[in-house]
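The block underneath contains the structure these notes are about, expressed in structure tokens.
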Amino acid sequence: MGQIQLKQVTKSFGEVQVIPPLDLTIEDGEFTVFVGPSGCGKSTLLRLIAGLEDISSGHIEIDGKDATDLVPAKRGLAMVFQSYALYPHMSVRKNIAFPLRMAKMDQAEITRRVESAASVLNLTDYLDRRPGQLSGGQRQRVAIGRAIVREPAAFLFDEPLSNLDAALRVGMRLEISELHKRLETTMIYVTHDQVEAMTMADKIVVLQAGVIEQVGSPLELYRAPRNTFVAGFIGSPKMNLLTGAEAAKYDATTIGIRPEHIDVVEADGAWQGTVGVAEHLGSDTFFHIHNTGLAETITVRAIGDVNLKHGDTIHLTPRAEEIHRFDGQGLRIE
Amino acid sequence: MATKASRSAARVMMAPAVILLLGWMLVPLMMTLWFSFRTYLPLRGGDLGWTGFDNYVRFVTSSAFWPAVQTTLIIVLSVLVITVVLGIFLAMLLDQPMWGQGIVRILVIAPFFVMPTVSALVWKNMFMDPVNGIFSHIWRFFGADPVSWLSDAAMPSIIMIVSWQWLPFATLILLTAIQSLDSEQLEAAEMDGAPKVQRFFYIILPHLARAITIVILIQTIFLLAIFAEIFVTTGGAFGTRTLSYLIFQRVLESQNIGLGSAGGVYAIILANIVAIFLMRIVGKNLDN
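Chains as they are written, first to last, in my numbering: chain A, 5 to 338; chain B, 108 to 395.
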């Protein structure tokens, strides 16, 4: 079990309130991702749930029981830190066994759990090494191992992949998702990378300046962003947000259209401009278009390898049904 | 150090320092060895020629030799234990955020800047004097008889004075080590259910292992040769005669340079035995 509820939780450091009153429910077994730009309070929120920071007011309930005043060890949560926080003077085996030893579990049970965690995470051959002798990905797995042996109510991940190189990150992303499917334990995952959020989450919580901007499944956020911040944050490359006369045509202050929802046409498009930088990825090509008569540069995705060069003229047509409209406060108009 | 030219240039440029250091060390060493094989009594006939190993035999068979070795080791070990234990404690205290942190840290380090002779005199005359010392006043205030520290409890007094001098050094090194501990490790241990005491023994202490060995190594080298503290307080009386003090007495009080030199050679051998042991331990600790 691992349902976590935050009720009117706030956090202030001195005079500065970093998290205004906030309500959130994380269901049992759910993979929830907190995503937002750096400094948005997502890590603070995770530390509040872990109990590493005291909340200034409000309540935290874990499985329906008030955990507000419980020390971190009693909350039944396990955390994987950004720096992995492995104990450098202990072998991998001792690192993984540490929480069990602290819980005064008997030695046979400790051995059994450590061995099974190690085999799940492909660490069996490394059990007698020190963390200093392992690669980044292996250290990451040890940190996860140390978390899973406790069989916690929920796992907390604090940007666990940000110290890995790009290739490893994709691999670990899959491993963590796989682990979640197998364990079916609640996981809360903090990241600033919206790709990680989109690929892993059951539920995404988008945060900005300590405020929840939107909560929903990845596709809900993609299809119906509630405001311009979420619209610009979710999706890669970023959604084109256009203001001024173009937006007024659609009775909105701002309109948004994703790069993948703009078609490149031969002639007579809605917009005409010159190609700036073209990013060729093979499967897709991203064009940055200037001189369209709009205030903003437009990004367009074309499928496959489109043969347009820097300075060429291009004609574009947005798909009308995919245009998102936002009002003066930046909120979505349905 | 890439090319041949730059390597030989480096050698030429290092030469003056190396030669100076070698001369500095080798000349006194050679002279000590030379004198240790001669009968040399400056006030009783001067250099009286070769004696073979006589000086070496006389130095070890003297009734003062083994007690001096014992005294030296007791002082070194006691001071090491006191400074390391209190040093860890003080370092952890100083690591806590508090008002006036900078000033407190400077004050803690201050004793290290006082010359050994001066600090020993201050302790002797202002603290431990049985008539005027602060300790005697405190004792009398509570109705007790003042202790004449330097005669009745000479060894503890010397150990106290030397520990006071070296505590700042230990504290400073250990404080920087504690500050380099990744706070996420402590948080991880907290999440893993380790209470404060366990966090100290499982996380902080192992993290400090390297710094502790460095403190022990450096302090041992200096503590084996403490002299001023004994010279100005007990003058080697009341069982405080260390090996280096014994050598000093042989050379200056007995005016026997040959015998003293032989003692000096023993001291070099003792220091090297300790150094080899320490280097092994440190080497092990510095490796990982």
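Ideal placement from N, C-alpha and C gives every residue a C-beta, glycine not left out.
All figures in this text were calculated on a predicted structure; none of them were measured in a lab.
- The beta carbons of residue 81 (chain A) and residue 160 (chain A) sit closer together than 8 angstroms.
- Taking each of A:49, A:53, A:77, A:290 in turn and checking the Cα distance to residue 301 (chain B), the smallest one comes out for A:77.
- As summarised for the stretch 132-173 of chain B, the continuous beta strand (DSSP E) elements at least 3 residues long and confined to that stretch are 145-148, 153-157, given in chain order.
- Between residue 236 (chain B) and the set B:220, B:264, B:249, the nearest pair of CA atoms involves B:264.
- In this structure, residue 320 (chain A) places its C-beta atom within 8 angstroms of the C-beta atom of residue 274 (chain A).
- DSSP places residue 262 (chain A) in the coil class of the three-state scheme, outside both helix and strand.
- Pairing residue 269 (chain A) with residue 306 (chain A) gives a Cβ-Cβ distance that is not under 8 angstroms.
- Within 10 angstroms of the beta-carbon of residue 177 (chain B) lie fewer than 16 other beta-carbons, which makes it exposed.
- Along the stretch 267-292 of chain B, the positions whose C-beta sits under 7 angstroms from a C-beta of chain A are 289, 291, 292, read in chain order.
- Assignment of residue 309 (chain B) by DSSP, reduced to helix, strand and coil, places it in the helix class.
- Residue 113 (chain A) has its alpha-carbon roughly 56 angstroms from the corresponding atom of residue 334 (chain A).
- Contact of residue 159 (chain A) with chain B is not assigned, every C-beta pair being separated by 8 angstroms or more.
- Excluding sequence positions up to five before and after residue 378 (chain B), its CB lies within less than 7 angstroms of the CB of 331, all in the same chain and listed in chain order.
- Here residue 225 (chain A) really is in contact with residue 238 (chain A); their C-beta atoms are around 5 angstroms apart, less than 8 angstroms.
- Counting only residues of its own chain and dropping the five nearest sequence neighbours on each side, residue 306 (chain B) has a CB closer than 8 angstroms to the CB of 293, 296, 297.
- Residues of chain A with a Cβ closer than 8 angstroms to the Cβ of residue 305 (chain B) are, in chain order, 106.
- Just so you know, the alpha carbons of residue 235 (chain A) and residue 229 (chain A) end up roughly 5 angstroms apart.
- If you look at residue 296 (chain A), you'll find it isn't in any alpha helix (DSSP H); DSSP assigns it neither H nor E.
- In this structure, residue 14 (chain A) lies near residue 23 (chain A), with their beta-carbon atoms less than 8 angstroms apart.
- The beta carbons of residue 342 (chain B) and residue 261 (chain B) sit about 10 angstroms from each other, so the pair does not count as a contact at 8 angstroms.
- Between the stretch 210-218 of chain B and the stretch 271-282 of chain B, the count of C-beta pairs closer than 8 angstroms reaches three or more; the two stretches touch.
- By the CB criterion at 8 angstroms, residue 228 (chain B) and residue 324 (chain B) fall outside the cutoff.
- Contact of residue 295 (chain B) with chain A is assigned, a C-beta pair being separated by under 8 angstroms.
- Assignment of residue 238 (chain B) by DSSP, reduced to helix, strand and coil, places it in the coil class.
- Unbroken alpha helix (DSSP H) stretches of 4 residues or longer found wholly inside the stretch 246-274 of chain B: 256-259, given in chain order.
- Secondary structure at residue 161 (chain A): strand, using DSSP grouped into helix, strand and coil.
- The stretch 58-76 of chain A makes no contact with the stretch 142-152 of chain A: fewer than 3 CB pairs, one atom from each, lie closer than 8 angstroms.
- Under DSSP, residue 190 (chain A) shares a beta bridge with A:158.
- With a contact defined as Cβ atoms closer than 8 angstroms, residue 84 (chain A) and residue 162 (chain A) qualify at about 7 angstroms.
- Residue range 8-17 is occupied by the beta strand (DSSP E) that includes residue 15 (chain A).
- Across the stretch 84-103 of chain A, CB contacts with chain B closer than 7 angstroms involve 85, 87, 89, 91, 93, 102, 103, in sequence order along the chain.
- In this structure, residue 381 (chain B) lies near residue 327 (chain B), with their beta-carbon atoms less than 8 angstroms apart.
- In the three-state reduction of the DSSP assignment, residue 134 (chain A) falls in the coil class, being assigned neither a helical nor a strand state.
- Residues of chain A with a Cβ closer than 7 angstroms to the Cβ of residue 301 (chain B) are, in chain order, 106.
- When Cβ-Cβ separations below 8 angstroms define contact, residue 310 (chain B) makes contact with chain A.
- Taking the beta carbon of residue 54 (chain A) as reference, the chain B residues within 7 angstroms of it are 298, listed in sequence order.
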